[in-house]
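Okay, so here's the structure we're looking at.
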Amino acid sequence: MSATPDTRRRRHASRNDRTSANANRHSQAQSRASTPPLPAYEPPIAPLNAAGHNAIIALLNAPSLRQLKTHIQRAEEKLTDSAGEVNERLTDARVRYQKERARKRKRANGETPGAEGVSAKQEEGENDNENDDDDDGEEINRLARLEEQVQSVTEELEARMRQTIDAEVKLEGLKGVLADMAKEAEEATVAGAGARAAGLRSRRTRRRRGDDEEDQDPEEDDDEDYEATPEPQMTGIPLSRRLDQKLDEESARWTAQSLTQRYSTNNAYVGFYRIIHDAKHPGDDIPPLPHASTWFAHMEDPHATTTSTADQTSARRTRQRRSPSAADSDEIAIERERISLKCPLTLLPFRDPVTSTKCPHSFEREAITDMIAHSSTTVPGPPSRGRRNNRIRSVKCPVCSVVLTAEDLRSDPVLLRRVRRAEAASQREAEDDELDADGNPRRRPREGRKSGITVASDDDSEEGGGAHQEATDAAIRIKQERLSQAQSALSDDTDDDE
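Each residue of the sequence shown is one higher than the one before, counting from 1 in UniProt numbering.
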């Protein structure tokens with residue numbers, strides 16, 4: 001059976017399509033073979049124009065850089081808070097252990113109130129001595145393990161803190177390099193505009209001279225009037241490579257410094273170190289912060305650290321052997337520092353403390369900022385755009401005579417954490433007062449109507465239930481006597497009226 005005409009046309013069309021496709025592939029292959037390879041990439045070496053200058057300025061003011069700086073600062077705050085909280089837990093565990101030991105010691109000495117008498121207490125204390133010793137050993141081992149964990153976590157947090165500060169310094173270096181490049185581009189643009197203006201003035205001068213010379217050839221006049229536009233100066237180093245070189249120089253300058261030079265003057269690291277120091281020393285009397293030159297001595301020169309520590313120990317022993325003098329009193333005075341937890345303006349505990357960068361005094365933020373806002377005294381402020389004589393309000397420090405502005409105040413998270421620790425400690429003490437030597441809730445007498453006569457003291461509650469019962473009986477007897485006297489007086493008045 002022969003194919004129909006439609007079938008033959010379709011076969012012919014498909015055959016033509018395959019032929020044309022093969023021809024196209026062949027022509028493309030020939031064109032690829034004949035096309036020369038692309039030349040190697042050559043980075044631009046011309047200086048930035050106005051558009052490039054504007055692009056750098058836009059990059060400096062981009063939200064991404066501000067967000068990155070904010071992120072780094074928040075990371076520093078979180079690391080500082082974590083270090084303080086971890087070390088506070090270890091300190092609280094030690095305080096609880098010491099209080100528990102004191103409570104057990106009182107119980108062993110027979111100071112626990114009871115009704116069985118001293119002999120029963122002594123027998124119970126002798127029976128519990130072995131258990132207490134076992135408990136003390138377990139608690140000491142647990143504290144030792146906790147101390148090792150806290151030390152490890154603190155070292156890791158300290159390393160992360162230094163890395164975060166390195167990132168912040170690198171970001172500031174990038175911003176500084178970009179600002180320098182923008183300044184160079186602006187200077188090049190101004191210099192190019194000045195050169196073009198000078199060339200235009202010189203051409204106009206020659207044109208005037210040519211008008212005075214009537215016999216001059218027009219073609220020569222055109223040649224003399226022509227002056228090529230000054231080409232931008234080629235540095236030979238691409239802009240991206242210059243950026244990398246400057247960043248490498250900044251990084252090398254930073255890493256060449258010692259650890260003390262890098263971090264001992266950084267505000268974030270100083271706050272980190274302070275909060276760990278305060279967390280290790282509970283109470284109001286806290287030793288002063290060690291000098292910044294000793295913070296990294298164990299990492300920079302361990303031998304010098306050991307020698308200096310031994311010298312300090314021997315000097316301390318020598319001071320303890322000799323009799324105290326006026327000089328020793330001065331030394332003792334600076335071994336401890338007592339920091340007030342109340343604002344000198346509001347006389348209330350701190351809630352949002354700020355500390356001056358010019359003096360060591362702290363205030364409540366709202367109180368000191370309101371004081372500055374209503375002050376009529378002004379001082380020269382930092383330069384700002386569009387304002388030559390910029391003046392800002394200021395006040396003298398309420399504690400000393402240093403002049404303070406709003407820019408001189410910084411948040412003090414260390415002081416705020418110290419206030420919270422003091423409040424938590426007072427709350428724990430109040431809870432401990434509610435417990436007796438055995439750790440059981442202490443029973444308090446019911447509060448009745450005040451008679452005006454003190455029959456017993458609250459401090460006598462530790463003497464036992466007998467003293468409390470005697471005091472209660474005495475109070476009841478006094479009230480009954482007063483009631484009988486009042487009734488007899490009332491009956492006498494009634495008889496007189498009759």
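No residue lacks a Cβ here, since even glycine has one placed at the ideal position from N, Cα and C. Computed from a predicted structure; not experimentally measured.
In terms of residues, what are the limits of the alpha helix (DSSP H) holding residue i?
i, result
"GLU85", "63-108"
"LEU341", "Taken as a continuous stretch (DSSP letters only), LEU341 belongs to no alpha helix (DSSP H), as it is neither H nor E."
"SER240", "239-255"
"VAL379", "It is not in any alpha helix (DSSP H) - VAL379 instead sits in the beta strand (DSSP E) that spans 378-380."
"VAL270", "267-280"
"LEU59", "50-60"
"TYR41", "Per DSSP, TYR41 belongs to no alpha helix (DSSP H) and is neither H nor E."
"LEU259", "259-263"
Between the alpha carbons of residue i and residue j, how many angstroms are there, rounded?
i, j, result
"THR255", "ASN267", "19 Å"
"ASP92", "GLY283", "11 Å"
"residue 526", "THR260", "This structure gives no information on residue 526, because the portion of the chain shown stretches from 1 to 498."
"HIS374", "ARG393", "8 Å"
"PRO37", "ARG241", "26 Å"
"GLU364", "LEU239", "50 Å"
"SER426", "SER340", "16 Å"
"GLU76", "GLU85", "14 Å"
"THR405", "SER362", "13 Å"
"ALA467", "LEU345", "Residue confidence for ALA467 is low, a pLDDT of 48 falling below 50, so the modelled location carries little weight and cannot support an answer."
"GLU148", "ASP285", "26 Å"
"LEU143", "GLU156", "20 Å"
"LYS358", "GLU139", "46 Å"
"ASP244", "ALA159", "26 Å"
"THR70", "GLU168", "10 Å"
"PRO39", "ASP248", "30 Å"
"ARG280", "ASN49", "In the sequence as displayed, the identity of residue 280 is Lys instead of Arg. Straight-line Cα distance between these residues: approximately 58 Å."
"ALA179", "GLN67", "18 Å"
"THR306", "ALA297", "For THR306, the predicted model reports a pLDDT of 47, less than 50, meaning its position is unreliable and no value from the coordinates is stated."
"LYS78", "ILE237", "42 Å"
"ARG262", "ASP301", "16 Å"
"ILE72", "ALA182", "25 Å"
"ARG414", "PHE272", "The question names Arg, but residue 414 in the sequence shown is Val. Cα to Cα, the separation comes out at about 9 Å."
"ILE372", "LEU146", "47 Å"
"ASP370", "ALA424", "30 Å"
"LEU60", "VAL395", "35 Å"
"VAL177", "PRO43", "20 Å"
Exposed or buried, residue i, counting other C-beta atoms within 10 Å across all chains shown (16 or more means buried)?
i, result
"ILE56", "buried"
"ARG351", "exposed"
"LYS104", "buried"
"ILE276", "buried"
"ASP412", "buried"
"MET299", "exposed"
"ARG421", "buried"
"CYS343", "buried"
"TYR41", "exposed"
"ARG107", "buried"
"ILE165", "buried"
"ALA380", "The residue you asked about is not Ala; residue 380 is Pro in the sequence shown. That one is exposed."
"GLU88", "buried"
"GLU407", "exposed"
"PRO353", "buried"
"ALA62", "exposed"
"ALA252", "exposed"
Which first and last residues belong to the beta strand (DSSP E) in which residue i is found?
i, result
"SER356", "353-356"
"VAL294", "Position check: residue 294 holds Thr in this sequence, whereas Val was assumed. Neither: THR294 is in no beta strand (DSSP E) and is coded neither H nor E."
"LEU409", "409-411"
Among the options, which one has its Cα closest to the Cα of residue i?
i, options, result
"GLU186", "GLN427, HIS53, THR346, PRO380", "HIS53"
"PRO360", "LEU347, VAL402, PRO380", "VAL402"
"LEU348", "GLU138, ALA367, GLU88", "ALA367"
"VAL270", "LYS69, ASP370, ALA83, SER34", "ALA83"
"LEU416", "ASN390, ALA179, LYS183, ARG274", "ARG274"
"GLU429", "VAL379, GLN73, ARG96, HIS71", "ARG96"
"SER264", "ALA279, LEU289, LYS246, ALA144", "LEU289"
"THR80", "ARG162, ARG107, ARG66", "ARG162"
"VAL419", "GLU407, PRO287, THR378, ASP278", "ASP278"
"THR294", "ILE286, SER258, HIS281", "SER258"
"SER64", "LEU171, GLU155, PRO287", "LEU171"
"CYS400", "SER356, ASP370, GLU431, ARG410", "SER356"
"ASN141", "ASP301, GLU431, ARG94", "ARG94"
"ASN390", "LYS396, CYS397, THR378", "THR378"
"GLN151", "GLU184, GLY173, LEU90", "LEU90"
"GLU250", "LYS175, GLU184, PRO287", "LYS175"
Is any heavy atom in the ligand ADP found nearer than 7 Å to the beta carbon of residue i?
i, result
"MET161", "Because no ligand of any kind appears in the structure shown, any question about the ligand ADP cannot be addressed here."
Spell out the partners DSSP gives residue i in its beta bridges.
i, result
"GLU364", "PRO353"
"VAL414", "In the DSSP output, where bridge partners are listed per residue, VAL414 has none listed."
"ARG391", "PRO380"
"LEU404", "VAL395"
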